[in-house]
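In our numbering, the protein residues as written are 9 to 417.
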């Protein structure tokens, strides 16, 4: 059986493993260590054991016949008849990964009616998909994760994709774990980097770990499909996709090598959810859709300086975002938080003011096309990703910039 194993002959009951474990996965009773149900097989106790009494065992028969799996799929979320922007972002990244792997890239899309189905499929083909697997069925009107999971799993069990990518939207975060459990495979959430190990066919999935203090690269060597979720804004969509789709009016003949395959939803499946109404939880558009974003951190000094920062954002025609400490201090709403524990953004211009640039924050701004950073610390990590750096007091620099912008209005 796989999991943590204790060699009773070697164990001396010192308790170092208990003190090392962060999940209460091991205990000492009768002067011997015993594994509890809370063990997550992380291996920290194995490294800490001074007498080598602990080990992680793996089932020899675990996993799948990897040679039977092929193709890379992107699950393409549709909301109110329109493709979620993250679908096109993942399609562009998926094209890069599929080319490296030498496999096909397929878009998997389900929606309730055929009104925009052809235009959505063409958008995926124009973004690089080799084909689109599409289901148009009224039962898919609501984003019912259980229903979609049954549908995706039925497809995956039959066609055996090697990799499936999902957007880390509210729905994607609910759907992907259900698919992973049903298929008995792994899932890495909120990835910021995806790369392909061409020789072994392993998807290298990188995400911040341990509170954002380091970056962990995770692989799934013995199970398929490999699965990961990616936040909106982490990758850039193909800039030509929307233009090509608009130019052809949604026709499906622009990509002659691409094919749209319509599949049916199992007859016995019924939604478990019924939507009674909708209410905007944020009270406005998300900062993820802003082309210009001013992001402020603790370097602005005081809450009383927020109006100045907001004015800068307005003069630039953008929105105001912030870092986690400002949300925790009650200066800004959580919907404005940018970073690993907030939202990932990909504006054309990002002005970073008084932000040091912790790793978890940098993970959320990787999609920005151009970054201007203002910070009084010349060694601030934010300058490592900035296209233009201004070393100086954040309030003084922004005040001078606002005066010049006012003069132009």
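Backbone N, C-alpha and C define an ideal beta-carbon position, used for all residues, glycine too.
Between the alpha carbons of residue 358 and residue 408, how many angstroms are there, rounded?
18 Å
Can you list, in chain order, the residues of its chain whose CB lies under 8 Å from that of residue 58, leaving out five sequence neighbours each side?
22 and 24
Residue 215: buried (16+ other C-beta within 10 angstroms of its C-beta) or exposed?
buried
Can you tell me whether residue 308 is helix, strand or coil according to DSSP?
helix
Inter-residue Cα distance where the pair is residue 419 and residue 417
Within the shown structure, residues of the chain are numbered from 9 to 417, placing residue 419 beyond reach of any answer.
Return yes when the Cβ of residue 102 is within less than 8 Å of the Cβ of residue 173, no when it is not.
yes
Using DSSP with H/G/I as helix, E/B as strand and the rest coil, what is residue 189?
helix
At what residue ranges does the region 41 to 105 contain a whole run of the alpha helix (DSSP H), taking only runs of 4 or more?
52 to 56
Could you tell me the distance, in whole angstroms, from the CA atom of residue 156 to the CA atom of residue 175?
14 Å
Look at the alpha carbon of residue 200 and the alpha carbon of residue 238, and state the distance between them as a whole number of angstroms.
7 Å
Proximity winner among 385, 89, 398 and 386, relative to residue 379 (alpha-carbon distances)
398
Across which residues does DSSP place residue 130 in a beta bridge pair?
According to DSSP, residue 130 bridges with nothing at all.
Limits of the alpha helix (DSSP H) - the one that residue 39 falls within:
No alpha helix (DSSP H) contains residue 39, which DSSP labels as neither H nor E.
Does the distance from the C-beta atom of residue 325 to that of residue 300 stay below 8 Å?
yes
Secondary structure of residue 171, DSSP reduced to three states:
strand
Roughly how many angstroms separate the alpha carbons of residue 170 and residue 117, rounded to a whole number?
18 Å
Extent of the continuous alpha helix (DSSP H) run through residue 416
402 to 416
N-terminal and C-terminal residue of the alpha helix (DSSP H) that residue 207 is part of:
Segment: none, residue 207 is in no alpha helix (DSSP H) and carries neither H nor E.
Name the DSSP beta bridge partners of residue 283, please?
Its beta-bridge partners do not exist; DSSP assigns none.
Per DSSP, which one or two residues make a beta bridge with residue 143?
118
Terminal residues of the alpha helix (DSSP H) in which residue 396 lies
First-last for residue 396: 396 to 399, but that is the beta strand (DSSP E), not the alpha helix (DSSP H).
Leaving out five residues on either side along the sequence, give the residues of the same chain with a beta carbon under 6 Å from the beta carbon of residue 120.
146, 148 and 149
Residue from 37, 51 and 38 whose Cα sits closest to the Cα of residue 13:
51
Element boundaries [beta strand (DSSP E), containing residue 196]:
196 to 199
Work out the CA separation of residue 82 and residue 236 for me, nearest whole Å.
10 Å
For residue 183, count the other beta carbons within 10 Å of its own beta carbon; 16 or more makes it buried, fewer makes it exposed. Which is it?
buried
For residue 180, which of helix, strand or coil comes out of DSSP?
helix
Taking buried to mean at least 16 other C-beta atoms within 10 Å of its own C-beta, is residue 206 buried or exposed?
exposed
Taking only the alpha-carbon atoms, compute the straight-line gap between residue 353 and residue 322 and give it to the nearest angstrom.
18 Å
Rounded separation between residue 365 and residue 17 - CA only
49 Å
Straight-line Cα distance separating residue 115 from residue 247
18 Å
Give me the Cα-Cα distance between residue 4 and residue 86, rounded to the nearest whole angstrom.
The structure shown has nothing for residue 4, since the chain only spans 9 to 417.
Please classify residue 257 as buried or exposed, where buried requires at least 16 other C-beta atoms within 10 Å of its C-beta.
Confidence in residue 257 is poor, its pLDDT being 43 and thus under 50, which makes the residue's placement unreliable; the coordinate value appears in the next sentence. Looking at its Cβ environment, which holds fewer than 16 other Cβ atoms inside 10 Å, residue 257 is exposed.
Between the CA atoms of residue 346 and residue 294 - distance to the nearest angstrom:
11 Å
One question on the structure: do residue 142 and residue 153 come within less than 8 Å of each other, judged by their Cβ atoms?
no
Return yes when at least one heavy atom of the ligand COA lies under 7 Å from the C-beta of residue 21, else no.
The ligand COA is absent from the structure shown, which contains no ligand whatsoever.
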